[in-house]
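Residue numbers (this note's numbering): 26 to 408.
Read the structure below first, then the notes.
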Amino acid sequence: MHAPQTFPREVSLKARKSMYGNNTLQIGLFGANCSSGRAVTLVPERWSGNWPDNKRLAQLSDDAGIDFLLPIGRWKGYGGDTDYQGTTFETITWATGLLAITRRITIFGTVHAPVFNPVVAAKEMVTADHVGEGRFGLNIVVGWNEGEFDMFGVAQREHADRYAYAQEWLDVIKTIWSDREDFDYAGTYLNMKGVRGKPKPFGGVRPVIMNAGASATGQAFAVKNCDAFFLQASRTSLEETAQRVRSAQDAARAEGREIGCYTVGVITCKPTRKEAEDYYHHCIVEHADWSAVDGILALKNISPQTVPMAEYITQRTQYAQGMGGLPIVGDPDHVAAQLGDLSKAGLTGIAISLVNYADELPYFCDEVIGRLERMGLREKVRG
Ligand SMILES: Cc1cc2nc3c(=O)[nH]c(=O)nc-3n(C[C@H](O)[C@H](O)[C@H](O)COP(=O)(O)O)c2cc1C
Numbered sequence: 026m027h028a029p030q031t032f033p034r035e036v037s038l039k040a041r042k043s044m045y046g047n048n049t050l051q052i053g054l055f056g057a058n059c060s061s062g063r064a065v066t067l068v069p070e071r072w073s074g075n076w077p078d079n080k081r082l083a084q085l086s087d088d089a090g091i092d093f094l095l096p097i098g099r100w101k102g103y104g105g106d107t108d109y110q111g112t113t114f115e116t117i118t119w120a121t122g123l124l125a126i127t128r129r130i131t132i133f134g135t136v137h138a139p140v141f142n143p144v145v146a147a148k149e150m151v152t153a154d155h156v157g158e159g160r161f162g163l164n165i166v167v168g169w170n171e172g173e174f175d176m177f178g179v180a181q182r183e184h185a186d187r188y189a190y191a192q193e194w195l196d197v198i199k200t201i202w203s204d205r206e207d208f209d210y211a212g213t214y215l216n217m218k219g220v221r222g223k224p225k226p227f228g229g230v231r232p233v234i235m236n237a238g239a240s241a242t243g244q245a246f247a248v249k250n251c252d253a254f255f256l257q258a259s260r261t262s263l264e265e266t267a268q269r270v271r272s273a274q275d276a277a278r279a280e281g282r283e284i285g286c287y288t289v290g291v292i293t294c295k296p297t298r299k300e301a302e303d304y305y306h307h308c309i310v311e312h313a314d315w316s317a318v319d320g321i322l323a324l325k326n327i328s329p330q331t332v333p334m335a336e337y338i339t340q341r342t343q344y345a346q347g348m349g350g351l352p353i354v355g356d357p358d359h360v361a362a363q364l365g366d367l368s369k370a371g372l373t374g375i376a377i378s379l380v381n382y383a384d385e386l387p388y389f390c391d392e393v394i395g396r397l398e399r400m401g402l403r404e405k406v407r408g
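Shown next, in the form of structure tokens:
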């Protein structure tokens, strides 16, 4: 007879939010479910996004104590010479597969509220969460790319209504995950009767929830509903980043909530600063997939006709590298110091991307994570 199953870890919301660790600065990897990840480049070593590489990356990350994997919910590529992010895994099924072969790491699904029925989504996420024994997280997104919505035959709502819909969607999902059974929901958008969902999330505690709304409406939604809020770090002023963190946390406190703030970074780390800068230039300038970059800019209505030329050129460069994430380019001392500064600014964590995640991760972990451990920002990797 089998011994009764015991939970391998304490499953509380606090433990979920800390990603079952004690790291002052959490580190995750962003975008590995998509071809090319977040580097709009032609270089042949760019990220394949295929399953064997995702599997290898998840296991490497799990062993190295990386805190989380955050996928991108993308349904249609951006074209260009590489069809940038044209080949992507659906994120809840991707997370479920990876949760089954890892032990510690938290893995998010990035879910477009308008295209997933909430009863189906709640159950899919609970399934992932049981497979991962409490390690699934939800990144709720409302979508911005109309071409993608056309594929579903779903009309994109006005911006404020997208978040009003997402509020109902999340309320239904949280109620399904709670102890309530057989409830009716009558909202402006959703009208559901006798709703029930079992099992409940692993350990009876809901998954950690993140959002990255950038508009005033998006931010208000995030601070009201999420545990982890992704904001843009300033490229020029640490104080400004600290101010953004404080204002999001104050807004959450006004709702009686404590949230962690996170940001997105794109890291090029090599033994010397020159090597790092040369590689960055090679991938992101000389061999950028400029036709894909221009397609992304067009979708966002950024062109020399809509913004001043200087801004257009800046945006073009920033979109080539990480679609606007904070670029951190340098030797391990520099990269670790920059990450340390972000922690000082009050950030709880950062989701990073690399040109080839799996090839570059071992060096990043040995050199940068080791330094962060010595700086007291991360605990030693557990065996
Ligand atoms: C870390 C991060 C992850 C995101 N992931 C996605 C995604 O996978 N799919 C998507 O459609 N939007 C994604 N977004 C976009 C945001 O959810 C949000 O729509 C965007 O920041 C614009 O803000 P707004 O909706 O308040 O206008 C992401 C943004 C960030 C910073």
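For every residue, glycine included, the Cβ atom is placed at its ideal position computed from N, Cα and C.
Note that the structure is predicted; figures quoted are calculated from it, not measured.
Taking just the CA atoms, how far does E385 sit from M26?
At M26 the pLDDT is 37, less than 50, meaning the model places this residue with poor confidence; the figure from the coordinates comes in the next sentence. So the alpha carbons of these two residues sit roughly 45 angstroms apart.
Whose C-alpha, out of A258, A361, Y382, is nearest the C-alpha of A298?
Looking at the sequence itself, residue 298 is Arg, so the reference to Ala does not match. Checked all of A258, A361, Y382; the closest Cα to R298 is A361.
Keeping to the same chain, check which residues put their C-beta closer than 8 angstroms to that of D92; ignore five residues upstream and five downstream.
Excluding sequence neighbours, D92 sits near M44, G46, N48, Q51, I52, G53, I130, T131, G374.
Do A317 and T288 have their beta-carbon atoms positioned less than 7 angstroms apart in this structure?
No, the pair does not count as a contact, with Cβ atoms beyond the cut-off.
Just how far apart, CA to CA, sit E70 and G172?
Taking the straight line from one Cα to the other gives about 29 angstroms.
Return the Cβ separation of A153 and F161 in integer angstroms, given the expectation that the two are a contact with Cβ distance under 8 angstroms.
4 angstroms between Cβ atoms; contact.
So, at 6 angstroms on beta carbons, what are the nonlocal neighbours of S378 in its own chain, with the 5 sequence-adjacent residues on each side left out?
Excluding residues within five positions, the ones whose Cβ falls inside 6 angstroms are F55, G56, G62, R63, V291, G347.
To which residues does DSSP link G290 through a beta bridge?
Beta-bridge pairing links G290 to L351, I377.
Can you list, in chain order, the stretches of the alpha helix (DSSP H) that have 4 or more residues and sit fully within the region 129-193?
List check, alpha helix (DSSP H) in window: 143-156, 171-177.
Taking a contact to mean a Cβ-Cβ separation below 7 angstroms, would you say C286 touches L372 in this structure?
Yes, the pair counts as a contact, with Cβ atoms nearer than the cut-off.
Can you grab the Cα-Cα spacing for the pair Y337 / Y214, in whole Å?
Each residue's alpha carbon lies about 38 angstroms from the other.
Can you find the residues in the same chain that come closer than 7 angstroms, C-beta to C-beta, to C308, ignoring five residues on each side of it along the sequence?
Cβ within range, chain order: A64, T66, V68, V380.
In three-state terms, what does DSSP make of A279?
Looking at A279 - three-state DSSP - the assignment turns out to be helix.
Buried or exposed for M334, please, with buried defined as at least 16 other CB atoms from any protein chain shown within 10 angstroms of its CB.
With fewer than 16 Cβ atoms within 10 Å of its Cβ, M334 is classed as exposed.
State the start and end residues of the unbroken beta strand (DSSP E) segment that holds D209.
That run of the beta strand (DSSP E) goes 208-211.
From E35 to A267, what distance separates their C-alpha atoms?
Between E35 and A267, the C-alpha separation is close to 32 angstroms.
First and last residue of the alpha helix (DSSP H) that includes K295?
Per DSSP, K295 belongs to no alpha helix (DSSP H) and is neither H nor E.
So what does Q346 bridge to, in DSSP terms?
In the DSSP output, where bridge partners are listed per residue, Q346 has A64.
Can you tell me whether Q330 is buried or exposed, with buried defined as 16 or more other CB within 10 angstroms of its CB?
Looking at its Cβ environment, which holds fewer than 16 other Cβ atoms inside 10 Å, Q330 is exposed.
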